[in-house]
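Chemist:
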Amino acid sequence: MKNIQAKLQTFAGAMMVPIILLVLVGFFVGIGSAFTNYILSEGTILYKLFSMITNLG
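If you're matching positions, the sequence shown starts at 1 in the UniProt record's numbering and goes up one per residue.
1. Along the alpha helix (DSSP H) that carries GLY30, what are the first and last residues, could you check?
2. Would you kindly work out how many angstroms separate the C-alpha atoms of ILE31 and ILE4, rounded to a whole number?
3. Taking the straight line between their C-alpha atoms, what separation do you get for MET52 and MET16?
4. Would you check if the distance between the CB atom of THR36 and the CB atom of TYR47 is smaller than 7 Å?
5. Which word fits PHE50, buried or exposed, when buried means at least 16 other C-beta atoms lie within 10 angstroms of its C-beta?
As structure tokens, this is what we get:
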């Protein structure tokens with residue numbers, strides 16, 4: 001029984017990494033798309049940076 005529990009805990013720990021990555025990518029895409037609307041003009045460096053962050057997702 002303890003062997004199964006140890007394997008399940010290892011599996012659950014491994015599944016936390018993709019979930020954390022999805023949250024971080026969603027956060028970056030949200031920030032990037034929020035700042036590439038009408039707030040920044042298209043020629044600026046910040047616009048290019050936020051566009052790149054948005055395109056990562």
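Built from N, CA and C at the ideal position, the CB exists for glycine as well.
Modeler: In terms of the structure at hand:
1. For the purposes of this step, residue 30 is taken as the residue at position 30 of the sequence shown. Segment 2-35, the alpha helix (DSSP H) holding GLY30.
2. Within the sequence shown, numbered from 1, the residue matching residue 31 stands at position 31. Within the sequence shown, numbered from 1, the residue matching residue 4 stands at position 4. Cα to Cα, the separation comes out at about 41 Å.
3. Residue 52 sits at position 52 when you count from the first residue of the sequence shown. Residue 16 sits at position 16 when you count from the first residue of the sequence shown. Roughly 26 Å between the two C-alpha positions.
4. If you number the sequence shown from 1, residue 36 lands on position 36. If you number the sequence shown from 1, residue 47 lands on position 47. Yes, the pair counts as a contact, with Cβ atoms nearer than the cut-off.
5. Mapped onto the sequence shown, residue 50 falls at position 50. Burial call: buried.
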